Amino acid sequence: MGTAAALRITLERSLQHRFPAALTPSARTIYETASTGIPVLDSLLDGGLPVGAISEISGQESSGRTSLALSFLARRTQDAQVCAWVDAGDALDPESAAANGVDLRRLLWVRCGTPAAKPQPSKPGTPMAATSALSQLDQALRSADLLLQAGGFAAIVLDLGSIDPASAMRIPLATWFRFRQAADHARTSLLVLGRDSYAQSSAALVLDCAPLRARAAGKAAHQTVLTSLEFHAERGRQRFAPAPTPIRKPPASTWSANCTWDISTAPATEKRA
Amino acid sequence: MTLYACLHLAEFPAQALLRLQPTLRAQPVAVMEGRAPLEALCSLNRPARRLGAALGMTRLEAESIPGLKLLARNPQIESAAHNVLFEAAARFSPRIENLGTTTSSTLMLDITGTERLFGPPDALAQRLSKALTTLGFRASIAISASFHTARILAAATRGITLIPTGQEAPTLAQLPLAALNLPADDAQTFANWGIHTLGELAALPQDELIARLGQRALLWHQLALGTAPHSFQPVEPAFQLQEFFEFETPVADLDSLLFLGARMIDSLVARASARAFSLARLILHMELEKGAVCRRVIAPAIPSIDRKFLLKLLQLQLAANPPSAAVQRITLRAEAGQSSKVQLGLFAPQTPEPSRLDVTLARLKAIAGEDRVGSPVLEDTHRPGSFHLAPFAVSATPQKPSNASSRRTHLALRRMRPPIPVRVTVQAEKPTAFRDRQHTYAISAAYGPWKTSGAWWAAEGWDLAEWDVLAQATSGESLACLLVEDRQTRAWHLEAFYD
């Protein structure tokens, strides 16, 4: 035995009554993550979205939440896994999902709400009226609960992006806690899309998204084709971070999503803040 | 040596009606046959007999007996019950002859050589009796080397009777002459002679008997001795998994339907299992009041014989889509499928368990709607936003990405269903602002128009101009959205958001 090792053991024994294993690094659990399919975000999130936990992707409309979720589902379905999209506002566009590479045969889509009973939104980009949102929200929560309890789904997206934050904030914490337990038990990644963060302490990860800028083809005065949108993503909370984040500005990245008609091979601009 | 087992189900019309209603078995029940007002009692159970009911009573006489429940005879229910009985008997012998009458069901099983499968005859009789009791039947069983001896004893006695070879005549000797169902004139002749039992008939000299009553007396004499010959005529009906029941009064209560459905599923599962089958589909056909018909199909992802699972699917199906009126008749038909055997892989990705997924999907449909749960399938058209939902099933092979471009992240749309009508301000053929009912949005950049049209020859044709716009709300919130102008009606809609 080397001198350093012997010295360490001696010190630990002498301090054992005050500091157990004072000089031995504590054991650390490595949590499984799954790639989002966007390298810069994978880097920001230390590998991707956590498996068996709740991840919240929050932000206003046009902040890239849906593109990110579809990119994540595309990777999961291409690995022969099964995913579900619980759509509280009936807003999913299957063409966008297919364009992102989601295997639609492996995607279960639950369209909450009844079109005939759905009233017109009061304002574009704002949530549904609270009276209808409650019933739609109730359907979405019940559906997500059933899917989590059934097990076998690699990822479930609970899309509350069209729901009034005031209604979604009223979801009891016990519900989120139950979702967290079920997701952990089933090894399911539960993604919650919303205008705000709702799960609070039950969320393992919170990613705040915001729109940054748009890019178009052609000269400035004659731009007729939108080619991509750039988004800003900021890591708000990460319970299973390998290394504790120092108290300073939270880590963030910018990433972009190209329009389906943009066939240019140049990689989109992405950078880590 | 040939050996026969005879199953005799007396009062079969009553047994068939009570098979799916176990709660009524302990009550006095009589079955009426014929058209009103000439209905007559044709079958009854033991409690009814104890109350004084008898065959041939009119409805008025039967109704005068307090506590006696009267049911109408139903040939369809009897036919279904007979099929069930035949299926159960076929598990013990493939050679079965049907000897049923209008008011009883009698099956003769050729059980020669079955000792190695079911043990000695008494063990076989016990197992047979247990199987029939499980199905809700009460049968008397007689086993003999003589066909007719087994038949006569099964009809004349209760429980299980074993007749050793050579003991046919002594066993039959105590039975009354009525066991032979003689014509009335001949029965009266024997009564005048003082012959009342089969033993007394067997003791008569054969030649003199034939000289007085003709050749038909030879058969009676041989029957009394247990030596009458018989040419076995086996029958083999088609395998059909079907149950039928008709309610006395229309039933609208879901619990009552499920109670009956559970009994039917039990029976179907037992019959399918006996042939190493599973149930691939259940088709529920309900005849409602006023002649309406309701049909429900339950198709689990994999064939199953799990009765609780099938019953749960039935419950969820009926809860989500209840019949529009009270149910008068129910037919539950099943399609047999092969039992599934799935080789699981150690490194295969996790997928939902098929049976559990079926129940989950049924529950989701009950929450969100029958047509709002499934896998999206894009339609082969250029019309924007065209898709339909297909039933969700876990496919075995994943779809491989077609090319490298599918690895890129594309901008997704969030559709507004239905699209929101907006008023758009257009300057220099470009939208510069739009307004919904309450708010105005300034457009900072508009890209387009993308013109798309199709099906101009049909009513569902479209002719649209799409604009991708970047808009600024008064609150400072920026949006990227898709505005669509219908070029025929000049109406503008907010179709979707980029997100």
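These protein sequence lines are chains Y and P, in that order.
Anchor point for the first sequence: position 233 equals 230 in our numbering, and the numbering is continuous, going up by one each time.
Just remember that our numbering sits 478 ahead of the position in the second sequence, which is counted from 1.
For every residue, glycine included, the Cβ atom is placed at its ideal position computed from N, Cα and C.
These numbers come from a predicted model, not from an experiment.
Distance between residue j and residue i (C-alpha atoms, nearest Å)
{"i": "LEU736(P)", "j": "LEU613(P)", "result": "18 Å"}
{"i": "VAL99(Y)", "j": "LEU502(P)", "result": "57 Å"}
{"i": "ILE761(P)", "j": "PRO800(P)", "result": "15 Å"}
{"i": "LEU12(Y)", "j": "THR0(Y)", "result": "18 Å"}
{"i": "GLY122(Y)", "j": "ASP205(Y)", "result": "Summary for GLY122(Y): the model assigns pLDDT 44, below 50, so the residue's position carries little reliability; its value from the coordinates is reported in the next sentence. Each residue's Cα considered, the two are about 17 Å apart."}
{"i": "TRP928(P)", "j": "ASP946(P)", "result": "9 Å"}
{"i": "HIS182(Y)", "j": "THR930(P)", "result": "48 Å"}
{"i": "CYS80(Y)", "j": "LYS908(P)", "result": "41 Å"}
{"i": "ARG915(P)", "j": "VAL900(P)", "result": "8 Å"}
{"i": "LEU640(P)", "j": "THR592(P)", "result": "16 Å"}
{"i": "ASP193(Y)", "j": "SER956(P)", "result": "16 Å"}
{"i": "ALA609(P)", "j": "ILE808(P)", "result": "25 Å"}
{"i": "GLY677(P)", "j": "ILE621(P)", "result": "20 Å"}
{"i": "ARG968(P)", "j": "TYR195(Y)", "result": "41 Å"}
{"i": "ALA730(P)", "j": "VAL805(P)", "result": "6 Å"}
{"i": "LEU515(P)", "j": "ASN523(P)", "result": "Per the sequence shown, residue 515(P) should be read as Pro rather than Leu. Each residue's alpha carbon lies about 23 Å from the other."}
{"i": "SER159(Y)", "j": "LEU202(Y)", "result": "21 Å"}
{"i": "ARG965(P)", "j": "ALA906(P)", "result": "17 Å"}
{"i": "HIS14(Y)", "j": "LEU20(Y)", "result": "14 Å"}
{"i": "ILE673(P)", "j": "ALA681(P)", "result": "10 Å"}
{"i": "GLU489(P)", "j": "LEU732(P)", "result": "31 Å"}
{"i": "LEU696(P)", "j": "GLN684(P)", "result": "7 Å"}
{"i": "PRO869(P)", "j": "VAL851(P)", "result": "8 Å"}
{"i": "LEU577(P)", "j": "PHE564(P)", "result": "12 Å"}
Chain-ordered chain P contacts of residue i [CB-CB under 8 Å]
{"i": "ILE168(Y)", "result": "Within 8 Å Cβ-Cβ: nothing; ILE168(Y) doesn't reach chain P, min ~16 Å."}
{"i": "ASP205(Y)", "result": "Neighbours of ASP205(Y) on chain P: none; closest Cβ ~14 Å, over 8 Å."}
{"i": "GLN220(Y)", "result": "ALA923 and TYR925"}
{"i": "SER225(Y)", "result": "LEU889"}
{"i": "SER64(Y)", "result": "THR887, HIS888, LEU889, ALA890 and ASP977"}
{"i": "LEU257(Y)", "result": "According to the sequence displayed, residue 257(Y) carries Thr and not Leu. Neighbours of THR257(Y) on chain P, chain order: HIS888 and LEU889."}
{"i": "SER93(Y)", "result": "HIS888, LEU889, ALA890 and LEU891"}
{"i": "ARG184(Y)", "result": "GLN828"}
Neighbour list for residue i in chain Y, Cβ cutoff strictly below 8 Å
{"i": "SER956(P)", "result": "SER59 and PRO208"}
{"i": "ALA752(P)", "result": "Per Cβ cutoff of 8 Å: no residues; ALA752(P) is ~32 Å from chain Y at best."}
{"i": "THR863(P)", "result": "The amino acid at residue 863(P) is misidentified as Thr; the sequence shows Gly. By Cβ distance, chain Y contributes ASP90 and GLU92."}
Bridge partner(s) assigned by DSSP for residue i
{"i": "ILE160(Y)", "result": "Answer is none; ILE160(Y) lacks a bridge partner."}
{"i": "LEU671(P)", "result": "It is worth fixing the name first, because residue 671(P) is Trp in this sequence and not Leu. Note: TRP671(P) sits in no beta bridge, so no partner."}
{"i": "ASP588(P)", "result": "TYR482(P)"}
{"i": "TRP252(Y)", "result": "PHE228(Y)"}
{"i": "TYR925(P)", "result": "ASP946(P)"}
{"i": "SER782(P)", "result": "LEU757(P)"}
{"i": "VAL904(P)", "result": "PRO909(P)"}
{"i": "SER931(P)", "result": "ASP941(P)"}
{"i": "SER956(P)", "result": "GLN950(P)"}
{"i": "ARG892(P)", "result": "LEU89(Y) and PHE975(P)"}
{"i": "GLN133(Y)", "result": "GLN133(Y) is not bridged to any residue."}
{"i": "PRO715(P)", "result": "Answer by DSSP bridge pairing: none, since PRO715(P) is not bridged."}
{"i": "PRO47(Y)", "result": "THR30(Y)"}
{"i": "TYR195(Y)", "result": "According to DSSP, which records beta bridges pairwise, TYR195(Y) is partnered with nothing at all."}
Under 7 Å by beta carbon: chain Y residues contacting residue i
{"i": "LEU842(P)", "result": "VAL107, SER140 and LEU143"}
{"i": "THR838(P)", "result": "LEU143, LEU144 and ALA147"}
{"i": "ALA974(P)", "result": "ASP90"}
{"i": "LYS846(P)", "result": "The amino acid at residue 846(P) is misidentified as Lys; the sequence shows Ala. The contacting residues are VAL107, ARG108, CYS109, GLN136 and SER140."}
{"i": "ASP946(P)", "result": "LEU223"}
{"i": "ARG834(P)", "result": "ALA147"}
Interface residues of chain P facing residue i [CB-CB closer than 7 Å]
{"i": "LEU101(Y)", "result": "SER853, PRO854 and VAL855"}
{"i": "SER68(Y)", "result": "THR887"}
Contacts of residue i in chain P (Cβ-Cβ under 9 Å)
{"i": "GLU134(Y)", "result": "The amino acid at residue 134(Y) is misidentified as Glu; the sequence shows Leu. Residues of chain P passing the Cβ test: none, with the nearest at roughly 12 Å."}
{"i": "GLN78(Y)", "result": "PRO827, GLN828, THR829 and PRO876"}
{"i": "ALA50(Y)", "result": "Within chain P, no residue comes near ALA50(Y); the closest Cβ sits about 16 Å away, beyond 9 Å."}
{"i": "LEU104(Y)", "result": "SER853, PRO854 and PHE870"}
Spatial neighbours of residue i in its chain, beta-carbon cut-off 7 Å, leaving aside the 5 residues before and after
{"i": "GLN146(Y)", "result": "ALA179"}
{"i": "GLY545(P)", "result": "PRO506 and LEU529"}
{"i": "ARG636(P)", "result": "SER618"}
{"i": "GLU511(P)", "result": "GLU517, ALA518, CYS520 and ARG551"}
{"i": "VAL902(P)", "result": "PRO909, PHE912, LEU961 and TRP970"}
{"i": "ALA214(Y)", "result": "GLN220, VAL222 and THR224"}
Own chain partners of residue i with C-beta closer than 6 Å, once the 5 adjacent residues on each side are dropped
{"i": "ARG629(P)", "result": "CYS484"}
{"i": "ALA882(P)", "result": "Model confidence at ALA882(P) stands at a pLDDT of 46, short of 50, so the residue's coordinates are unreliable; what they give is reported in the following sentence. Answer for ALA882(P): no residue qualifies."}
Legend entry - Contact residues within the segment 138 to 157 of chain Y, judged by C-beta distance below 7 Å to chain P: ARG139, SER140, LEU143, LEU144, ALA147, GLY148, GLY149, PHE150 and ALA151
Inset, instruction - Could you list the residues in the segment 569 to 600 of chain P with a C-beta less than 9 Å from some C-beta on chain Y, going in chain order? - result: none
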